[in-house]
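Quick note, the working numbering runs 46 ahead of the 1-based positions in the sequence shown.
The structure appears right after this line, and notes come after that.
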Amino acid sequence: MREEDRSRTPLILGLVLLLVAGIGSTLAANISINGTNRIEFGQGVYTVAACNGWIQIEVAYGETVNGSSPISGFVLQGIDTVQCASSTLTFKFFKATNPNPTLLPLYATTSDLPANESSKVSQVSLAVDSFGNVLLVDPNFTPIEDDSPYISISKDEATSNFTLGFSYPQSNMEDLDNITVESGPNGL
Numbered sequence: 047m048r049e050e051d052r053s054r055t056p057l058i059l060g061l062v063l064l065l066v067a068g069i070g071s072t073l074a075a076n077i078s079i080n081g082t083n084r085i086e087f088g089q090g091v092y093t094v095a096a097c098n099g100w101i102q103i104e105v106a107y108g109e110t111v112n113g114s115s116p117i118s119g120f121v122l123q124g125i126d127t128v129q130c131a132s133s134t135l136t137f138k139f140f141k142a143t144n145p146n147p148t149l150l151p152l153y154a155t156t157s158d159l160p161a162n163e164s165s166k167v168s169q170v171s172l173a174v175d176s177f178g179n180v181l182l183v184d185p186n187f188t189p190i191e192d193d194s195p196y197i198s199i200s201k202d203e204a205t206s207n208f209t210l211g212f213s214y215p216q217s218n219m220e221d222l223d224n225i226t227v228e229s230g231p232n233g234l
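Here it is, written out as structure tokens:
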């Protein structure tokens, strides 16, 4: 072998390895497993972008009865109250149905169960004021009282995680396919 060919061998070998790695990662990203059936790993934990940061949502669910586990609330990790100051975060839970997803009711504002449609709430909104305080607000952005018998919020001061709980949950974990987080300004 000529000296010139030996010096090119590592370069050519390196380029071939990069090409193979690139093709392999592209193929792996496009392989579909199990057709259109969903496979979910780490069920109940979602991470989404919001307020220039991230929020991890861990869905809490109650005891399984007759194959159903009611969504009893959720835990939020990573809310940056400084970056989210004067913002409102609205959480909505959806079931994937064709042709459009179905918005799931989260909790009822009555202790009479089963709840009628007018007492079911399908979104949870948190308003962060200009000082970084987090408040539960209703769909009209009116603060919900701390002693509400239907929904509660608490903050773990050590981790800065927020836990929301529903007294009268209305949907089940097996129906949950997607969670959306909408953020926008508020007047607090």
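We put the CB at the ideal spot given by N, CA and C, even for glycine.
*Taking C-beta to C-beta, are residue 135 and residue 198 nearer than 9 Å?*
Counted from its first residue, the sequence shown places residue 135 at position 89. Counted from its first residue, the sequence shown places residue 198 at position 152. The answer is no: Cβ separation not under 9 Å.
_According to DSSP, is residue 168 part of a helix, a strand, or is it coil?_
Walking along the sequence shown from the start, residue 168 turns up at place 122. Coil.
*Spatial neighbours of residue 157 within its chain, please: CB distance less than 7 Å, with the 5 preceding and 5 following residues excluded, ordered by chain position.*
Counted from its first residue, the sequence shown places residue 157 at position 111. For residue 157, where only same-chain residues beyond five positions count, the Cβ hits under 7 Å are 214.
*asked:* Whole angstroms are fine: how far does the CA of residue 219 sit from the CA of residue 113?
replied: Position 67 of the sequence shown, counted from the first residue, corresponds to residue 113. Position 173 of the sequence shown, counted from the first residue, corresponds to residue 219. Each residue's Cα considered, the two are about 10 Å apart.
*Given that a residue counts as buried once 16 or more other Cβ atoms are within 10 Å of its Cβ, and exposed if not, what is residue 84?*
Within the sequence shown, numbered from 1, the residue matching residue 84 stands at position 38. Because the pLDDT of residue 84 is 43, which lies under 50, any placement of that residue in the model is unreliable, and the number read from its coordinates should be weighed accordingly. By the neighbour-count rule (16 or more Cβ atoms within 10 Å), residue 84 is not buried but exposed.
*Anticipated Cβ contact below 8 Å, residue 174 with residue 208, distance rounded*: Mapped onto the sequence shown, residue 174 falls at position 128. Mapped onto the sequence shown, residue 208 falls at position 162. With 8 Å as the limit, residue 174 and residue 208 do not qualify as a contact, their Cβ atoms being about 11 Å apart.
_Rounded to whole angstroms, what is the Cα-Cα separation between residue 138 and residue 154?_
Here the question's residue 138 lines up with position 92 in the sequence shown. Here the question's residue 154 lines up with position 108 in the sequence shown. Between residue 138 and residue 154, the C-alpha separation is close to 15 Å.
*Nearest to residue 117 by CA position, among 127, 169, 187, is which residue?*
Reading the sequence shown from its first residue, position 71 is the one you call residue 117. The option with the nearest alpha carbon to residue 117 is 169.
*Could you give the distance in angstroms between the alpha-carbon of residue 222 and the alpha-carbon of residue 187?*
To locate residue 222, count along the sequence shown from 1; it is residue 176. To locate residue 187, count along the sequence shown from 1; it is residue 141. Between residue 222 and residue 187, the C-alpha separation is close to 25 Å.
*asked:* By the three-class DSSP mapping on this structure, what secondary structure does residue 31 have?
replied: Residue 31 is absent from the structure shown; the chain starts at 47 and stops at 234.
*CB residue 210 to CB residue 121, shorter than 9 Å?*
Within the sequence shown, numbered from 1, the residue matching residue 210 stands at position 164. Within the sequence shown, numbered from 1, the residue matching residue 121 stands at position 75. Taking 9 Å as the Cβ cut-off, residue 210 and residue 121 qualify as a contacting pair.
_8 Å contact criterion, which residue 152 and residue 167 should meet: CB distance rounded_ = As a position in the sequence shown, residue 152 is number 106, starting the count at 1. As a position in the sequence shown, residue 167 is number 121, starting the count at 1. Correct: roughly 6 Å between the Cβ atoms.
*Nearest-angstrom beta carbon gap, residue 132 and residue 232 [assumed within contact, 8 Å]*: Residue mapping note: residue 232 aligns to position 186 of the sequence shown, counting from 1. Residue mapping note: residue 132 aligns to position 86 of the sequence shown, counting from 1. Going by Cβ atoms, the distance from residue 232 to residue 132 rounds to 6 Å, so yes, they are a contact pair.
*Just to confirm, are residue 194 and residue 125 a CB contact at a threshold of 9 Å?*
Your numbering for residue 194 matches position 148 in the sequence shown. Your numbering for residue 125 matches position 79 in the sequence shown. No. Outside cutoff.
_Best match in 225, 217, 224 for proximity to residue 111 [C-alpha to C-alpha]_ = As a working note, residue 111 is residue 65 in the sequence shown. Of the candidates 225, 217, 224, the one whose C-alpha sits nearest the C-alpha of residue 111 is 217.
*asked:* I'd like to confirm the pairing. Which residues does DSSP put opposite residue 139 in its beta bridges?
replied: Your numbering for residue 139 matches position 93 in the sequence shown. Note: residue 139 sits in a beta bridge opposite 225.
*asked:* Does residue 104 come out as helix, strand or coil in the three-state DSSP assignment?
replied: Translated into positions along the sequence shown, residue 104 becomes position 58. Of the three classes helix, strand and coil, the one that applies to residue 104 here is strand, per DSSP.
_Quick check on the DSSP output: the beta strand (DSSP E) that includes residue 209 runs from which residue to which?_
As a position in the sequence shown, residue 209 is number 163, starting the count at 1. First-last of the beta strand (DSSP E) with residue 209: 207-212.
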